[in-house]
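The sequence shown runs 307 to 499 under this note's numbering. A short write-up of the structure that comes next.
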Amino acid sequence: MMAKGIGLCGAHRTGKTTMTRQCARDYALALVTTDTSAVFAEHGLDPAAPMDFATRLWIQDKVLVAGEAVWGGQERPFITDRTPLDMLAYTLGDIRGDTKADPAQLADYTAHCFAATNRYFRQLLVIQPAIPLVAEPGKAALNEAYMEHLNHLVIGLCGAEEQQLPFAILPRPLLDLAERCAWLAEKCALPGQ
Numbered sequence: 307m308m309a310k311g312i313g314l315c316g317a318h319r320t321g322k323t324t325m326t327r328q329c330a331r332d333y334a335l336a337l338v339t340t341d342t343s344a345v346f347a348e349h350g351l352d353p354a355a356p357m358d359f360a361t362r363l364w365i366q367d368k369v370l371v372a373g374e375a376v377w378g379g380q381e382r383p384f385i386t387d388r389t390p391l392d393m394l395a396y397t398l399g400d401i402r403g404d405t406k407a408d409p410a411q412l413a414d415y416t417a418h419c420f421a422a423t424n425r426y427f428r429q430l431l432v433i434q435p436a437i438p439l440v441a442e443p444g445k446a447a448l449n450e451a452y453m454e455h456l457n458h459l460v461i462g463l464c465g466a467e468e469q470q471l472p473f474a475i476l477p478r479p480l481l482d483l484a485e486r487c488a489w490l491a492e493k494c495a496l497p498g499q
């Protein structure tokens, strides 16, 4: 039987991966990761390279399908640092006033993201930008305005009527990793360490 997961969602560089790893250890949850870069590489694309929106939407759907294969294969409760709503937020974040997008394709992808969220997860936790940012090779750009844009997109998606799961938003002042994990455990009703 498929187990459902706890999904940490939000902008890049907010500490989601570090928090996911620590909480998996502390609360005996399976740690589930998805490899977006591998999916892009498998299809001959560079995630950082400019691409038209039709290509972006196509590859994002491939990333979502790869995520579903991983999330759907879990036999015990898991935690992950990427959810379908993150994928949707990054896709929506690419739309500008002059973006050429097929509304039907975008609607299909949006519906797919919400359906996958509701199918594979039991709770969502939004991790907001707050931790000090340090430039590191191979890490996402440190554009604080873009991170805030994504943060608010994710919060809005969590509150959308299509999203049927409970969700909580990590208070920004909560920076200590142990305190963050304790907050997660309380919100998700996880047994103590």
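Virtual Cβ for every residue (Gly too), placed ideally from N, Cα, C.
- Look at A417 here: in three-state DSSP terms it is helix.
- Looking at the DSSP output, A474 shares a beta bridge with L431.
- Straight-line measurement puts the Cα of L412 at about 15 Å from the Cα of G403.
- In this structure, the straight-line span from the alpha carbon of T339 to that of D408 is close to 30 Å.
- Of all C-beta pairs linking the stretch 329-345 to the stretch 365-374, three or more are shorter than 8 Å, placing the two stretches in contact.
- In the pairwise beta carbon analysis, the stretch 452-461 is classified as touching the stretch 428-437: at least three pairs are separated by under 8 Å.
- Taking each of R388, P497, Y333 and Y396 in turn and checking the Cα distance to A354, the smallest one comes out for Y396.
- Residue pairing of L337 in beta bridges, as defined by DSSP: I385.
- The C-alpha of P390 is placed about 18 Å away from the C-alpha of A360.
- A straight line joining the alpha-carbon of L480 with that of E492 spans about 14 Å.
- Counting the other CB atoms within 10 Å of its CB gives R486 a total of 16 or more, which places it among the buried residues.
- In this structure, DSSP gives C329 a helical state, which the three-state scheme calls helix.
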